[in-house]
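Below: the structure, in structure tokens.
Numbering (our numbering), first residue to last: 125 to 441.
This is how it looks when you write it as structure tokens:
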């Protein structure tokens, strides 16, 4: 396996993990607490990484970490959850699937990654495939919900591009940078969760197990791999791994929850997966180099999520 293929494979584990969020949320967590769930995903994971790395930001990285954390987590989660409540999960997922197109445009402006016809067609094919997987006939539209979904996707896309542009400071490891962003994002969500949902609910052992999985595997490790991929791959290649999230969610729903998976959904999965593979076939010379300030080692690539866009459905029981 080539070095690039190994990086792509490891980065792909992030959206695959995010695809399990729906199952964990519906089967392990208390209902109707999406912001609390977002808080429990981000803040404990961020504090854990800070404790492990014992490294705090310095200089300009205080505000850079705050901006990245707000875009990738703090703004993304609440907007995503607002879309989830205002729209059917499938519609919200389709709205979120335009993320690769946002990333292509922002990468052209801020990273000098000139889009090709193939990249644009791949992004459109990925969105179309996702729509076949999750969109159902008669789905309702709501302007506020659609706006929130688009803003959540734009927030995550901007986070991807800025993570790529800024890299990370010299001598700071990937885990530390991930911890900074998760902590900053969690602190943004904290007051929103208490204002909108009140005091935390009583938690059972099952709930705690679900939150532990979300904080550790689904967030701390997954975001580490995600930011690492952003550093080492082009922004468009990274964001086109996003369709792996709805594909994973659909397969888990079929295997573990008995949800129907018809020919149209299977066709959508094939199209979305094909677009994901095509998005990784850019020539090596197009893999954008990081700015001079970037130190290359293990850094994670970032949000959740064009893949995380599919977590819209994960907050609906």
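Just so it is clear, CB atoms sit at the ideal spot from N, CA and C, and this is done for glycine as well.
- Can you say whether residue 339 is buried or exposed, counting buried as having 16 or more other CB atoms within 10 angstroms of its CB? As a working mapping, residue 339 is identified with position 215 in the chain shown. Flag for residue 339 reads buried.
- Task: Using three-state DSSP, classify residue 157 as helix, strand or coil.
- Result: Position 33 of the chain shown holds residue 157. Assigned with DSSP and collapsed to three states, residue 157 falls in coil, not helix or strand.
- Item | N- and C-terminal bounds of the alpha helix (DSSP H) containing residue 328 | Within the chain shown, residue 328 is the residue found at index 204, counting from 1. Taken as a continuous stretch (DSSP letters only), residue 328 belongs to no alpha helix (DSSP H), as it is neither H nor E.
- Message: Between the alpha carbons of residue 177 and residue 390, how many angstroms are there, rounded?
- Response: Reading the chain shown from its first residue, position 53 is the one you call residue 177. Reading the chain shown from its first residue, position 266 is the one you call residue 390. Rounded to whole angstroms, residue 177 to residue 390 spans 43 Å at the Cα level.
- Residue interval of the alpha helix (DSSP H) (run including residue 151): For the purposes of this step, residue 151 is identified with residue 27 of the chain shown, where counting begins at 1. Start and end: 145-152.
- Take residue 417 and list the residues in its own chain whose beta-carbon comes closer than 8 Å to its own, dropping the five residues that flank it on each side. Reading the chain shown from its first residue, position 293 is the one you call residue 417. In this predicted model, residue 417 has a pLDDT of only 36, less than 50, meaning its place in the structure is not dependable; the value taken from the coordinates is given anyway. So the list reads 290, 291, 293 and 294, once near-sequence residues are dropped.
- Query: Ordered along the chain, which non-local residues of its own chain (more than five positions away) have a Cβ less than 8 Å from that of residue 327?
  - Reply: Residue 327 sits at position 203 when you count from the first residue of the chain shown. These residues qualify, in order along the chain: 154 and 335.
- Task: Enumerate in chain order the residues of its own chain whose CB-to-CB distance from residue 282 is below 7 Å, with the five nearest sequence positions on each side excluded.
- Result: Position 158 of the chain shown, counted from the first residue, corresponds to residue 282. Hits under 7 Å: 195 and 230.
- Message: Quick check: what's the CA-CA separation for residue 359 versus residue 242?
- Response: On the chain shown, position 235 is the one that residue 359 refers to. On the chain shown, position 118 is the one that residue 242 refers to. Spanning the two alpha carbons is a distance of roughly 15 Å.
- Message: Does the structure place the segment 317-327 close enough to the segment 300-308 that three or more beta carbon pairs sit under 8 Å?
- Response: The segment 300-308, when compared against the segment 317-327, does not touch it at the 8 Å Cβ threshold.
- CB-CB under 8 Å to residue 164, same chain, minus the five flanking residues each way: which ones, in chain order? Taking the first residue of the chain shown as 1, we reach residue 164 at position 40. Same-chain partners within the cutoff: 335, 338 and 339.
- Item | Extent of the continuous alpha helix (DSSP H) run through residue 314 | Numbered from its first residue, the chain shown carries residue 314 at position 190. Its alpha helix (DSSP H) spans residues 298-321.
- Query: Hey, how far is the Cα of residue 284 from the Cα of residue 354?
  - Reply: As a first step, residue 284 must be located in the chain shown, where it is residue number 160. As a first step, residue 354 must be located in the chain shown, where it is residue number 230. Looking at the two C-alpha atoms, the distance is approximately 7 Å.
- Cβ neighbours of residue 380 in the same chain (closer than 7 Å, five flanking residues each side left out): As a first step, residue 380 is located in the chain shown; it is residue number 256 there, counting from the start. Answer for residue 380: 147, listed in chain order.
- Message: Going by DSSP in three states, residue 258 sits in which element: helix, strand or coil?
- Response: Taking the first residue of the chain shown as 1, we reach residue 258 at position 134. Correct three-state label for residue 258: helix.
- Task: Evaluate the contact criterion for the segment 342-349 versus the segment 165-174: three or more CB pairs, one atom per stretch, below 8 Å.
- Result: yes
- Message: Measuring only the C-alpha atoms, how far is residue 415 from residue 271?
- Response: Start at 1 with the first residue of the chain shown, and residue 415 comes out as number 291. Start at 1 with the first residue of the chain shown, and residue 271 comes out as number 147. Because the pLDDT at residue 415 is just 41, under 50, the model does not fix this residue reliably, and the value given afterwards should be weighed accordingly. Cα to Cα, residue 415 sits roughly 33 Å from residue 271.
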